[in-house]
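In the numbering used here, the protein residues as written are 696 to 1123. The C-beta atom is built at its ideal place from N, Cα and C for all residues, glycine as well. The model shown is predicted, which means the values in this text are computed figures rather than measured ones.
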C-alpha cells in the first residue's frame, strides 16, 4: 500500500464519519434503538478498518501516530480511564455502556481511534465542507419538518408526541449539538469562499437549530457564530468583502430569529429570556434555583457532592444512574414528586469527574488545551481551520449544559483530530 493510497483510505474513513454516519437511522419496531446502536456499529466498523490499515502500514506507524504532546496526553487519558474501570460499580456497564446509550469505554476507544485517523488525514476544506453540509442540510430539512408535525418515518414509543427537531440523533439536544458543529462551515462557504449557497445553507441550519428549542445549543451556536466572525475579521485583514458578508450574515440571523419567533408565537423570546431568568434565580439562590435548566442545577449540585465522595476514580464510566438514585431518591420525590432519571451529569466536564475522577478530568482538559493551542496557532496561516476551531469552541461551550452521546460526540473527536492534524504545521 503506497503512501497516496494510504492517505486516500484515511480520508475516506474521516469523510464517512462526518457525512454518512449522521444519516444512519433504523426506524424498526416500537422499542428498537433507532438512533444510537446503529451509529455505534458503523463507527466500530470504520475504526476496525482503520486498525487494519494501521497494521498493514505498521512500518510507517510514526506517520499515523506521531510522538507529540497531544498523543501522549491522549495515551495518559486512556491509561487513567482504564484504571478507573477497576473502581467501577459495574464493570460491564463501564465497558459497554447502557443499551440505550452505547457510550461506555469501548465506544470511547472508537472516538480515540477516529481522532488519530483524522490527525493523519489531509482533507481539503472544499471536500470537507461539501460532505458536511450536504448531510447537514438534509438532516436540517428533516428536523424542520418534524417541528411542523411532518415525519415520514415511524417513531418509537418515547418520541411519539415530540414536536421539536431531533432528526436521526435521538434527542433535540443532540441535534442542536450537531448543528453547532456544522454552522461554521456554512459561514465559511459564504464569507471566505464567497459562495452564495452558503447563506442559504446557514439559514436552513440556523432555523433547524431554533426548532430544537435547546437553550444550551443556542448558546453554543452563538459562540460558534461569533468565534468564526472574529477569526475572519482578524485573520482576513478586515477586507471589505469580509466585512460586507459578515454584516449580511448578522442581518440574516436577525431576520431568521424574528421569523421563528413569529412562527412560534413568541416562543423563542420566551424560552431564550428564560436563560437569564433562571440564571438570576441561581445567583440569588431563589426558591426555584435548583429547578433551573430543566433541573440541571439540582443535578450539578448533587454530582459535585458525589465527586467529593469519590474524587480519584469516580463511580465508573456510565455508572452514575444507580448511585444517584440511591443517594437522592427521597429528596427528588420531595422536590419534584417523582424520581429523575440521571444517567448523565448534563455537564460533560462534571460527568468526566464523577464517573472517572478528578485526575481524569484534569488530563482530559490538558489534552483539549493542547489541541486548542495547536489549532489557534494555525489560524493566521490556514483559513481551513477557522470553521473547525469555531465549531470546537461552540461544542465546548454547549458541553457545559449537555451530555456526550454516540450520535454526535464522534464528530467532535474527528474535529479535534482535524484541528491538530499533521499537515500544514508551520512550526506549530
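Find the nearest neighbour of residue i within the set the options, judged by alpha-carbon distance.
i	options	result
residue 878	862, 849 and 916	916
residue 1127	717, 732, 715 and 739	Look at the range of the chain in this structure, 696 to 1123, and you will see that residue 1127 is not part of it.
residue 940	886, 1069 and 754	886
residue 727	796, 759 and 713	796
residue 1012	1046, 898 and 820	1046
residue 1027	990, 1053 and 891	990
residue 714	701, 823 and 964	823
residue 965	936, 776, 908 and 1099	908
residue 895	875, 943, 759 and 863	943
residue 1003	1054, 1034 and 958	1054
residue 760	888, 945, 863 and 705	705
residue 972	1023, 1072, 957 and 910	910
residue 1036	1052, 1019, 854 and 992	1019
residue 923	1086, 1106 and 1110	1086
residue 1021	921, 1001 and 1006	1001
residue 718	958, 834 and 854	834
residue 1058	720, 750, 709 and 775	775
residue 773	1100, 962 and 807	807
residue 1077	765, 890, 819 and 961	819
residue 1100	1052, 783 and 794	794
Grab the span of the alpha helix (DSSP H) containing residue i for me, first residue to last.
i	result
residue 807	800–814
residue 774	764–780
residue 738	731–751
residue 943	935–958
residue 1118	Looking at the DSSP string, residue 1118 is not in any alpha helix (DSSP H), and its letter there is neither H nor E.
residue 932	Residue 932 -> no alpha helix (DSSP H), and no H or E assigned at all.
residue 835	820–842
residue 868	867–886
residue 899	892–907
residue 1160	Lying outside 696 to 1123, the shown extent of the chain, residue 1160 is not represented and no answer is given.
residue 1018	1016–1031
residue 759	756–759
Assign residue i to one of two classes, buried (16 or more other C-beta atoms within 10 Å of its C-beta) or exposed (fewer than that).
i	result
residue 763	exposed
residue 929	exposed
residue 756	exposed
residue 860	buried
residue 845	exposed
residue 1032	exposed
residue 716	buried
residue 658	With the chain running from 696 to 1123 in the structure shown, residue 658 is simply not present.
residue 1103	buried
residue 953	exposed
residue 949	exposed
residue 933	exposed
residue 729	buried
residue 1043	buried
residue 866	buried
residue 982	Model confidence at residue 982 stands at a pLDDT of 46, short of 50, so the residue's coordinates are unreliable; what they give is reported in the following sentence. When all chains shown are included, residue 982 counts as exposed.
residue 734	buried
residue 968	exposed
residue 994	buried
residue 787	exposed
residue 1116	buried
residue 1128	Only positions 696 to 1123 of the chain appear in the structure, and residue 1128 is not among them; the question remains open.
residue 997	buried
residue 817	exposed
residue 792	buried
residue 699	exposed
residue 814	buried
residue 902	buried
residue 1052	buried
Look at the Cβ atom of residue i, then the Cβ atom of residue j, and state whether they are nearer than 8 Å.
i	j	result
residue 778	residue 1008	yes
residue 1050	residue 1074	no
residue 1114	residue 1069	yes
residue 789	residue 800	yes
residue 925	residue 1092	no
residue 809	residue 1081	no
residue 905	residue 852	no
residue 898	residue 951	yes
residue 831	residue 900	yes
residue 842	residue 858	yes
residue 945	residue 880	no
residue 876	residue 1010	no
residue 1060	residue 1048	no
residue 873	residue 1106	yes
residue 708	residue 750	no
With a threshold of 7 Å, establish whether the CB of residue i neighbours any heavy atom of the ligand COA.
i	result
residue 822	Ligands displayed in this structure: none; no statement on the ligand COA is therefore possible.
| task | Kindly provide the ranges of any alpha helix (DSSP H) runs that are 4 or more residues long and lie completely inside the segment 1046–1081, ordered along the chain. | result | 1053–1073
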